[in-house]
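To convert a position in the sequence shown, counted from 1, into this note's numbering, add 315.
Don't be surprised by glycine CBs; every beta carbon is placed ideally from N, CA and C.
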Amino acid sequence: MQKITVLGATGSIGSSTLKVVEANPEQYEVVALAAHTNVEKMTALCLYWQPVYAAMADHDAAQQLRKRLASKGLATEVLAGEEGLCQLASLPEVDMVMAAVVGAAGLSSTMAAVKAGKRVLLANKEALVMSGQFFIDAVYQYGAELLPIDSEHNAIFQCLPQAVQHTPGRCDLHAAGVSKILLTGSGGPFRYREPQSLTNVSVEEAVAHPNWSMGPKISVDSATMMNKGLEYIEARWLFNAKPEQLEVVIHPQSVIHSMVQMCDGSVLAQLGTPDMCTPIAHAMGYPERVHASVAPLDFTQIGEFTFMAPDARRYPCLSLAIAACEQGQAATTSLNAANEQAVAAFLAGKIGFMDIARINEQVLTQSSLPTPTSLDCLFELDRIARITANEQIAKVTP
Ligand code: NAD
Ligand code: MG
Numbered sequence: 316m317q318k319i320t321v322l323g324a325t326g327s328i329g330s331s332t333l334k335v336v337e338a339n340p341e342q343y344e345v346v347a348l349a350a351h352t353n354v355e356k357m358t359a360l361c362l363y364w365q366p367v368y369a370a371m372a373d374h375d376a377a378q379q380l381r382k383r384l385a386s387k388g389l390a391t392e393v394l395a396g397e398e399g400l401c402q403l404a405s406l407p408e409v410d411m412v413m414a415a416v417v418g419a420a421g422l423s424s425t426m427a428a429v430k431a432g433k434r435v436l437l438a439n440k441e442a443l444v445m446s447g448q449f450f451i452d453a454v455y456q457y458g459a460e461l462l463p464i465d466s467e468h469n470a471i472f473q474c475l476p477q478a479v480q481h482t483p484g485r486c487d488l489h490a491a492g493v494s495k496i497l498l499t500g501s502g503g504p505f506r507y508r509e510p511q512s513l514t515n516v517s518v519e520e521a522v523a524h525p526n527w528s529m530g531p532k533i534s535v536d537s538a539t540m541m542n543k544g545l546e547y548i549e550a551r552w553l554f555n556a557k558p559e560q561l562e563v564v565i566h567p568q569s570v571i572h573s574m575v576q577m578c579d580g581s582v583l584a585q586l587g588t589p590d591m592c593t594p595i596a597h598a599m600g601y602p603e604r605v606h607a608s609v610a611p612l613d614f615t616q617i618g619e620f621t622f623m624a625p626d627a628r629r630y631p632c633l634s635l636a637i638a639a640c641e642q643g644q645a646a647t648t649s650l651n652a653a654n655e656q657a658v659a660a661f662l663a664g665k666i667g668f669m670d671i672a673r674i675n676e677q678v679l680t681q682s683s684l685p686t687p688t689s690l691d692c693l694f695e696l697d698r699i700a701r702i703t704a705n706e707q708i709a710k711v712t713p
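Shown next, in the form of structure tokens:
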């Protein structure tokens, strides 16, 4: 029996993870669940899963959850705050940790799982974007096992030779016969819209992803393609990829989840129904295969596969992220933080859709970017970028 902690249990990835556990009840046991503020949903999850521990990052929410569970006679111990999440990520009895908090807020708890030497199922791409080399170094220093959950990175991982799989962030792609990683993306809901027409798109239009059902932040990131930009940076770290080894390709059907081109001209791809239960089941079961409760692909229903190059005018955030990746860690940490603030402001109706890219660019050009030498430096860069972004957001008249 493998024991799991799910960080971000009330979210989209959290519920897919619990679906995979449900599909394999003999193999996995939920020991701990953690989330931010959603007491209602967490109460229901605790009643169903009866975990030994639960945690809420928000202290008031933790207090409410404690009361509710006690009134139902549940013995689940409730922890509070970021420290609570870190504790659940490093429980001695836990084998694997699903890191599915959204945003930089997940870095500390994801890092706690790494430092406890767990199998880390990494959905929280922002944590890796924010900390890059520090994260990879910690994986080796503490003997953690890193498995990508992001569907593209999970697909790439599946297509790479074993030697590369076993050396995350330190592999030599060229020596392994890999010439290029082809990172696919659907292009989001606005892939056929004229760039000039995007100024007034509503929140509802932006979060309505054509192929995937996801949380609000990543849905907006998919519409701007900042998500692909963050994934480009994520791939750079996970696979130690150089710029000439990474290419973004738009594939509107989202059936191919990414590909790897070999030096002999072969291209390997991982395909599947667009459902996050597949990469989650892959990472939980690795190197074995376990059930994911996902509808199998029916090729007779797919019809056609199409591909195109991303248009920089439609997706300025993608170009920004690739440029930041070239600049280095300080730039990617700042861009990630600015983007989180801008997306939250867009979701709150404070700024327009195209303001997101504009604010991200302003933060990048305004920040003086010292090379970070520790995790504390990264948190400081993140903090400053958020202040700069908020100043820009305040200037926008909705
Ligand atoms: P979501 O918004 O549905 O869920 C986010 C979860 O994080 C919730 O459980 C919430 O309680 C928790 N959370 C938010 N702020 C927190 C805080 N400050 N402290 C502690 N917990 C906090 O998001 P999601 O779509 O499940 O995405 C989670 C992560 O997985 C993101 O990093 C996203 O980029 C990544 N991801 C998601 C998908 C997907 O299909 N949803 C695919 C690939 C990668
Ligand atoms: Mg993805």
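So what's residue i in DSSP terms, helix, strand or just coil?
i, result
"A372", "coil"
"L394", "strand"
"I571", "strand"
"M316", "coil"
"P463", "strand"
"R434", "strand"
"E341", "coil"
"L488", "coil"
"A404", "helix"
"A359", "helix"
"A584", "strand"
"L348", "strand"
"Q365", "coil"
"M426", "helix"
By the DSSP assignment, the alpha helix (DSSP H) with residue i in it spans what residues?
i, result
"G544", "M541 to L553"
"R698", "L690 to K710"
"E655", "Q644 to L662"
"S494", "Not the alpha helix (DSSP H): S494 falls in the beta strand (DSSP E), residues V493 to G500."
"A672", "F668 to Q681"
"A556", "Note, A556: premise wrong, no alpha helix (DSSP H); not H, not E."
"L443", "K440 to Q456"
"M593", "The sequence shown places Thr at residue 593, rather than the Met named in the question. Residues C592 to G600."
"Q616", "F614 to I617"
"V522", "V518 to V522"
"A607", "It is not in any alpha helix (DSSP H) - A607 carries neither H nor E in the DSSP assignment."
Of the choices the options, whose alpha-carbon is the least far from that of residue i?
i, options, result
"L561", "K387, C640 and Q480", "C640"
"G530", "S517, G587, G329 and I319", "G329"
"L586", "N651, A523, H468 and I637", "H468"
"A627", "G399, L497 and A672", "A672"
"I637", "A370, F472, L498 and K665", "L498"
"M413", "S446, A372, H566 and V336", "V336"
"V417", "V479, E706, A607 and H351", "H351"
"A704", "T686, P687 and F661", "F661"
"L684", "L475, Q642 and A427", "Q642"
"S494", "P407, S608, P558 and L389", "P558"
"N353", "E619, V346, E341 and Q379", "Q379"
"P419", "K665, R701 and S517", "With the sequence shown as reference, residue 419 is identified as Ala, and Pro is not the correct amino acid for it. A419 has its Cα closest to that of R701, out of K665, R701 and S517."
"R434", "L513, A453, Q448 and M445", "A453"
"Y363", "A438, K334, C474 and A372", "K334"
"A427", "Q448, T680 and E397", "E397"
Around the C-beta of residue i, are 16 or more other C-beta atoms found within 10 angstroms, so that it is buried, or is it exposed?
i, result
"F668", "buried"
"N654", "buried"
"T358", "buried"
"P366", "buried"
"C486", "buried"
"A385", "exposed"
"A663", "exposed"
"I595", "buried"
"D613", "exposed"
"D670", "buried"
"E355", "exposed"
"T648", "buried"
"P483", "buried"
"H524", "buried"
"H481", "exposed"
"Y630", "buried"
Check whether the Cβ of residue i lies closer than 7 Å to any heavy atom of the ligand MG, and answer yes or no.
i, result
"D465", "yes"
"E641", "no"
"E619", "no"
"E337", "no"
"E546", "yes"
Could you check whether the Cβ of residue i sits closer than 7 Å to any heavy atom belonging to the ligand NAD?
i, result
"M591", "yes"
"P531", "yes"
"T325", "yes"
"G580", "no"
"W527", "yes"
"G664", "no"
"L696", "no"
"N654", "no"
Could you spell out the range, first to last residue, of the beta strand (DSSP E) harbouring residue i?
i, result
"L561", "L561 to I565"
"A414", "M411 to A414"
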